[in-house]
Amino acid sequence: MKKIFAANWKLNKTPEQAREFVIQFKNEAFKHADFFKTCEVILFPQAFGLEAVSSLCAGTEIGFGPQNIYFEKSGAFTGENSAEVASVALKAKFALIGHSERREIFKEIDGQLNKKNILVQSLKMTSVFCIGESLQQREAFQTLPVCFAQLDAGLAGLDQNVRVIVAYEPVWAIGTGKVATLEQVAEVHQAINDKLEARGFKSFQILYGGSVKADNAASLLKVPHVDGFLIGGASLEVSSFLNVCLAN
Ligand code: PEP
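Going by our numbering, the letters in the sequence shown line up with residues 20 to 267, in that order.
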């Protein structure tokens, strides 16, 4: 099974910088024999960079998609991103849903995220659906209940025969340089795996996210049920992103 390396560029990169990244990344990746046989790469540019990424990635093995979509396809929703446009016009196959920054800063709640996942699936795209606990919740021993509640709410009503990708991102590890320990990652990934199986999902992968870098990637990838990463800071430069992929 390929490991997944998903890049969350957040509010960074102009379309030109996104284009340069993809061109350089393709050049570098193809220097490594079998790179795309072992690695599945997904790029999440900000909305203004999506067309640039699409023009260079559509028809290649590099997946891409928006960092957020609205749960309606079109209409009077000023300022939102259309998943249908991403899918049909830009050929995006993925969408990042429920990142903790969306939940915290933009107050997105479980019911909305569920509608987004349902729309994404109806468009034959795949969600990279983010879940994870805050530091306060971890310290209150609420990690698994929080993750399960987010999973249950976010994935309700989805077709369990269709692929879904879950990204476990402890909020306290995102952009902080603090990485969850291998034991913490192992416990939560095992629990998510068991939960998804119990819910009848047949095709899923579970990513870890939170300060992943080239020097911690190899050990994290060995943890059972870590099927890849969602990467923020280290995905912004081709060299650091490629080095995380090459830890595979
Ligand atoms: C993220 O933005 O999802 C993330 C994991 O960021 P970082 O790798 O910088 O912690």
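Ideal placement from N, C-alpha and C gives every residue a C-beta, glycine not left out.
The structure presented is a predicted model; accordingly, all values stated were derived computationally and were not measured.
- Counting only runs that start and end inside the region 134-210, the alpha helix (DSSP H) elements of at least 4 residues fall at 154-158, 162-174.
- Contact holds between the region 208-226 and the region 176-184, because three or more Cβ pairs, one in each stretch, are under 8 Å apart.
- Only residues of its own chain outside the window of five on either side were considered, and among them Lys-110 have a CB closer than 7 Å to the CB of Ala-77, listed in chain order.
- Between the ligand PEP and Val-231, a heavy atom-to-CB distance of less than 7 Å is present.
- Taken in chain order, the unbroken stretches of alpha helix (DSSP H) that lie wholly in the region 101-134 and span 4 residues or more are 119-124.
- In this structure, the beta-carbon distance from Leu-75 to Ile-128 does not fall below 8 Å.
- Shortest gap from the CB of His-118 to any heavy atom of the ligand PEP: under 7 Å.
- Counted as a single uninterrupted DSSP element, the beta strand (DSSP E) harbouring Phe-24 occupies residues 22-27.
- Contact annotation, Gly-252 with Pro-189: C-beta distance approximately 15 Å; criterion of less than 8 Å not satisfied.
- Secondary structure note for Phe-40: its alpha helix (DSSP H) is the uninterrupted segment 34-48.
- In terms of Cα proximity to Ser-119, the closest of Ile-193, Leu-239, Lys-32, Ala-236 is Ile-193.
- In this structure Ala-233 touches Asn-262 by the C-beta definition: roughly 4 Å separates them, less than 8 Å.
- Here the alpha carbon of Val-245 sits roughly 7 Å from the alpha carbon of Leu-239.
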